[in-house]
Amino acid sequence: MPQPRLMLVITGDDFGYCPRRNQGIVDCFLAGGISNVSLLVNGSAAKEAADLAKRHQIPIGLHANLSEGTPVGQNLQQASTLINPQGFFLGKKGIRQALERGQLSMNQVELELRAQVRRFMALTGHLPHHMDGHQHVHVLPDIREVFAQVLSDLRIPYTRVPMEPGLHSCTWLPAHLQSFYMQVEKDALNSVPVFKHYGIRLMFPDVESLE
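Sequential numbering of the sequence shown, starting at 3, is according to the numbering used here.
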């Protein structure tokens, strides 16, 4: 029996982070190395990135960011559970620690996600085709439910989950990094039924059959 054909989708993340990264991602797309991009709307070069995507007809989604830089939502820029006293997001580890301590407001998470979608639309003129999370924040407990609800409400059809086949065999990784990556993968697996419940399609073929 012939095997079903699969489409390999390679996404260039962090589009909009800075001009140099933008150019590298565009070069990869023009060379056929990537399929689409995910835009950081709070990046310093987000507008340039959106213009480049339009110029080169690059399929573009939203790289939702809750961990690096500053919020897009104006009401969250002065005082919120998502930022430190200097007004910056809490960082890759900091957001996870705050979540574990029950210190994050999911209402504020939702407000920021929706604000980033609005910024994306202002920059590109359309909804994102897909939406994922910078530093995989979209698969974290509690956040994944809010993330899925926002995608469902706005009819954004696709996300992706960070699966790393063979991660357990990467003995060359420092122990603390391997532990972190394995926790990310565990969070990703636990997010699958949540995304499926909301009708969000997953851009990872091996995950579609998981329950």
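Built from N, CA and C at the ideal position, the CB exists for glycine as well. None of these values were measured; they are calculated from a predicted model.
- Here Glu166 is exposed: its Cβ has fewer than 16 other Cβ atoms, across all protein chains shown, within 10 Å.
- For Met184, the enclosing alpha helix (DSSP H) has its first and last residue at Ala177 to His199.
- The residue among Gly104, Leu142, Leu42 and Gln59 with its C-alpha nearest the C-alpha of Phe197 is Leu142.
- Between Glu50 and Asn67, the CB-CB gap reaches or exceeds 7 Å.
- The Cβ atoms of Leu78 and Glu112 do not sit closer than 7 Å to each other.
- Judged by DSSP in its simplified three-state form, Met133 adopts strand.
- For Phe17, the secondary structure class from DSSP, reduced to helix, strand or coil, is strand.
- In the assembly as shown, Met9 is an exposed residue. Its beta-carbon has fewer than 16 other beta-carbons within 10 Å.
- Residue range Ile145 to Leu156 is occupied by the alpha helix (DSSP H) that includes Ser154.
- The residue from Asp144, Pro159 and Cys172 with its alpha-carbon nearest to that of Gly201 is Pro159.
- Bounds of the beta strand (DSSP E) holding Gly63 are Ile62 to Ala66.
- Contact check between the segment 171-183 and the segment 118-125: fewer than three CB pairs, one atom from each, fall below 8 Å, which does not count as touching.
- Between Leu169 and the set Gln180, Asp144 and Thr13, the nearest pair of CA atoms involves Gln180.
- Cβ contact annotation for His132 (same chain, cutoff 6 Å, sequence separation greater than five): Gly63 and Tyr160, in chain order.
- Your pair Leu54 and Val74 does not check out as a contact, with CB atoms roughly 20 Å apart and the cut at 8 Å.
- Going by beta carbons, Ile12 and Val39 fall outside the 7 Å limit.
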